[in-house]
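The structure appears right after this line, and notes come after that.
Residue numbers (our numbering): 642 to 798.
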């Protein structure tokens, strides 16, 4: 059974005006990663850089956990898997693609988007600051609730 899991993904936040920001983040039962703003295109190399920036300060705590991440092709490469394995993190790859109900961080992004809709940043810089602020202040019990909601359907061998 999957009892020690965390999930990561990217999300794009858009203000009511014309500003957008893409971010990478990961959550787990007792914490969250650093939030990484994505600039430009993502490929395998930049994905590993995002992992490093988001997780380096948390790696010791995440050893032995299973990673559930979204399924872009560059996240499922030898380079990305080697980095994760070398840091003691195993991947869950046998779940259906495009299944936000199975990836708790997708619910966190939705929570953040709903919160952001009540605020109207009027510049790119303000949007980024707001996204960072919301990420830092989302209550951990909200994150736990989303994680607890994910069905226990995985069997890890």
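Note that CB positions come from ideal geometry on N, CA and C, so glycine has one too.
Nearest-angstrom beta carbon gap, residue j and residue i [assumed within contact, 8 angstroms]
| i | j | result |
| --- | --- | --- |
| residue 707 | residue 669 | Not really, about 10 angstroms apart at Cβ, beyond 8 angstroms. |
| residue 678 | residue 765 | No, residue 678 and residue 765 are not in contact; Cβ-Cβ is about 11 angstroms, not under 8 angstroms. |
Candidates the options, of which the one nearest residue i by Cα
| i | options | result |
| --- | --- | --- |
| residue 702 | 763, 688, 730 | 730 |
| residue 724 | 691, 667, 750 | 691 |
| residue 676 | 682, 767, 734, 663 | 663 |
Segment limits, alpha helix (DSSP H) that includes residue i
| i | result |
| --- | --- |
| residue 706 | Unbroken run through residue 706: none, as it is neither H nor E. |
| residue 770 | 765-778 |
| residue 740 | Looking at the DSSP string, residue 740 is not in any alpha helix (DSSP H), and its letter there is neither H nor E. |
Buried/exposed call for residue i, threshold 16 Cβ in 10 Å
| i | result |
| --- | --- |
| residue 727 | exposed |
| residue 714 | exposed |
| residue 672 | exposed |
| residue 736 | exposed |
Beta strand (DSSP E) segment containing residue i, residue limits
| i | result |
| --- | --- |
| residue 679 | 677-679 |
| residue 791 | Careful: residue 791 lies outside any beta strand (DSSP E) and carries neither H nor E. |
| residue 669 | 661-669 |
Which of helix, strand or coil DSSP assigns to residue i
| i | result |
| --- | --- |
| residue 673 | strand |
| residue 710 | strand |
| residue 755 | helix |
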